[in-house]
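Residue numbers (the working numbering): 10 to 115.
Glycine included, C-beta positions come from ideal geometry on N, C-alpha and C.
Model, not experiment: these values are computed from the prediction.
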């Protein structure tokens, strides 16, 4: 995306001068279209549109990988034993563990 500030055109200006408006968008500049002084739409290049459309998918893929790695770590014998100990713990033991964990964070 162009590092220059966005350009704003009224809907009428954009309609009457669409060629130059489109050229600016193709070159990577975001074009804001206003109606009665309020922003209503943005014209961007197809490349920028494609990049924006891919962004959520990339984030979702990264989160899925992170979850899979975390889940795999939780399947080790050591992790399973820790969960078993947790479920067998008394309320007093859980309280002591919570206090100890809070102190570690300080």
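query	result
Status (buried if at least 16 other CB within 10 Å, exposed otherwise) for residue 30	buried
Of the residues 66, 109, 39 and 74, the one placed nearest residue 55, counting alpha carbons only	39
Alpha carbon of residue 62 to alpha carbon of residue 37, nearest angstrom	16 Å
Helix, strand or coil at residue 53 [DSSP, three-state]	coil
Reference residue 15, options 41, 105 and 112, closest by Cα	41
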